[in-house]
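This report refers to the structure that appears directly beneath it.
In the numbering used here, the protein residues as written are 1429 to 1559.
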């Protein structure tokens, strides 16, 4: 079995971000005595969406990274995608503001993730068609 060293390098900090976002949701729910939902609390809803957006993006991008690395994609492609994913996941929670749907860090967060996906899909397509 291959060790996937490049992808593994990005999983560790992403795991820390996931845990931090999850703890934010969990502690807010505990403080509000709310086991599910958002208790109509905008701060809890914000925390849920920050964590949810992470969950919507990261597993898919990591699967693409794993498949690319297993297919022999060179490290620069993987590092480009991994760095973009990491930048996006660091910045996005700060841009997901209750009162500002157009916050610049929200665009940075989602934009870098879209670029990571594009890099990985292009890289995979190149490997599959032999370019």
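Beta carbons: idealized from backbone N, C-alpha and C, even for Gly.
How should residue i be labelled, buried or exposed, when 16 other C-beta atoms within 10 angstroms of its C-beta is the threshold for buried?
i	result
residue 1482	buried
residue 1521	buried
residue 1532	exposed
residue 1537	buried
residue 1484	exposed
Given a cut-off of 8 Å on the beta-carbon distance, is the pair residue i and residue j in contact?
i	j	result
residue 1471	residue 1456	yes
residue 1489	residue 1545	yes
residue 1486	residue 1442	yes
residue 1557	residue 1508	no
residue 1512	residue 1540	yes
How would you write the range of the alpha helix (DSSP H) that residue i sits in, first residue to last?
i	result
residue 1516	1503–1523
residue 1463	No alpha helix (DSSP H) holds residue 1463; DSSP gives it neither H nor E.
residue 1559	Residue 1559 -> no alpha helix (DSSP H), and no H or E assigned at all.
residue 1531	No alpha helix (DSSP H) holds residue 1531; DSSP gives it neither H nor E.
residue 1480	1470–1498
I'd like the list of long-range same chain contacts for residue i, defined as Cβ closer than 7 Å, with 5 residues on each side in sequence excluded.
i	result
residue 1477	1524
residue 1460	1467, 1469, 1472
Ignore the nearest five residues each way along the sequence and tell me which others in residue i's own chain have a CB closer than 8 Å to its CB.
i	result
residue 1510	1434, 1435, 1437, 1438, 1493, 1544
Kindly list the residues whose CB is nearer than 6 Å to the CB of residue i, restricted to its own chain and excluding five residues on each side of it in sequence; keep chain order.
i	result
residue 1475	1452, 1453, 1456
*Given 8 Å, three or more beta-carbon pairs between the stretch 1516–1525 and the stretch 1459–1469*: no
*asked:* I want to know whether the stretch 1533–1553 touches the stretch 1501–1508 - three or more CB-CB distances under 8 Å.
replied: yes
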